[in-house]
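Here this note's numbering is used: the first residue of the sequence shown is 1, the next is one more, and so on. Heads up: the structure comes next, in structure tokens.
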Amino acid sequence: MVSAPSSLVWACVSRHNSFQRQKNGRTKRSGKVIFSVEKGNVANISSFKYSGIANEKSVDIVTGSNDKGPVPVFVKKTVSKASKPVKAIQKNNYSTSNVRKAQASLASQNTYYRPDLQSKLEAKFSALNNGYKAAKGLRKMATCTTGRD
């Protein structure tokens with residue numbers, strides 16, 4: 001099966017697709033922000049760089065589970081199996097017990113695949129890991145204050 005070029009796919013889906021969430025700004029000057037909830041979009045921003053639909057190579061960190069509870073899962077799309085969407089996605093689970101080892105493994109897996117997204121992957125991994133710790137009671141959740149202090 002012949003696939004369309006990434007730039008053509010982005011031209012077709014950049015303005016309107018079912019994964020976009022538009023948030024209006026609080027004032028007229030601030031404008032609106034367009035987020036994307038598609039699979040393979042690390043930053044959840046609607047742009048060609050982060051798009052999981054338009055790019056042939058996309059990476060993401062999502063929530064998975066194993067026998068011990070929720071774990072972060074590294075997901076990447078393979079180009080060779082692009083005609084079979086279910087088989088085109090590779091998933092690797094990470095342990096939450098040794099975070100430094102998991103971060104090193106994540107860095108080594110993504111070094112040659114999408115090095116431009118390395119910082120976003122690390123940030124999302126640490127955010128998910130902090131959420132797991134808060135859910136288990138190992139870490140205090142952030143406190144929210146209302147009103148002025």
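The beta-carbon is built from N, C-alpha and C at its ideal position, and this holds for glycine as well.
C-alpha distance - residue i paired with residue j, whole-angstrom precision
| i | j | result |
| --- | --- | --- |
| residue 143 | residue 134 | 12 angstroms |
| residue 65 | residue 29 | 43 angstroms |
| residue 80 | residue 4 | 14 angstroms |
| residue 9 | residue 17 | 11 angstroms |
| residue 129 | residue 72 | 7 angstroms |
| residue 11 | residue 115 | 24 angstroms |
| residue 15 | residue 119 | 26 angstroms |
| residue 77 | residue 117 | 14 angstroms |
| residue 97 | residue 138 | 12 angstroms |
| residue 101 | residue 27 | 45 angstroms |
| residue 113 | residue 82 | 16 angstroms |
| residue 125 | residue 13 | 27 angstroms |
| residue 44 | residue 132 | 20 angstroms |
| residue 150 | residue 127 | There is simply no residue 150 to check, as the chain begins at 1 and stops at 149 in what is shown. |
Assumed close pair residue i, residue j - CB separation to whole angstroms, cut-off 8 angstroms
| i | j | result |
| --- | --- | --- |
| residue 40 | residue 32 | With a Cβ gap of about 23 angstroms, residue 40 and residue 32 do not count as contacting. |
| residue 23 | residue 35 | 7 angstroms |
| residue 75 | residue 53 | In fact, because the Cβ distance is near 14 angstroms, the residues do not count as touching under 8 angstroms. |
| residue 122 | residue 109 | Incorrect: roughly 12 angstroms between the Cβ atoms, too far for contact. |
| residue 86 | residue 59 | Not confirmed; about 18 angstroms, so no contact. |
| residue 46 | residue 20 | 6 angstroms |
Host alpha helix (DSSP H) of residue i (start-end)
| i | result |
| --- | --- |
| residue 8 | 6-13 |
Boundaries (first-last residue) of the beta strand (DSSP E) holding residue i
| i | result |
| --- | --- |
| residue 93 | 89-93 |
Neighbourhood of residue i by C-beta, 7 angstroms cutoff - its chain only, sequence neighbours within 5 removed
| i | result |
| --- | --- |
| residue 6 | 54, 55, 56 |
| residue 62 | 73, 75 |
| residue 93 | 64, 66, 71, 73 |
| residue 105 | 94 |
| residue 37 | 19, 21, 44 |
8 angstroms CB neighbourhood of residue i in its chain, flanking five on each side removed
| i | result |
| --- | --- |
| residue 107 | 118, 122 |
| residue 147 | none |
Close Cβ partners of residue i (< 6 angstroms) along its chain, the five nearest in sequence each way excluded
| i | result |
| --- | --- |
| residue 91 | 73, 75 |
Taking only runs that begin and end inside the segment 96-120, name each unbroken alpha helix (DSSP H) of 4 or more residues, in chain order.
-> 99-110
Minimum length 3: unbroken beta strand (DSSP E) runs contained in the segment 24-80 = 32-36, 59-66, 69-77
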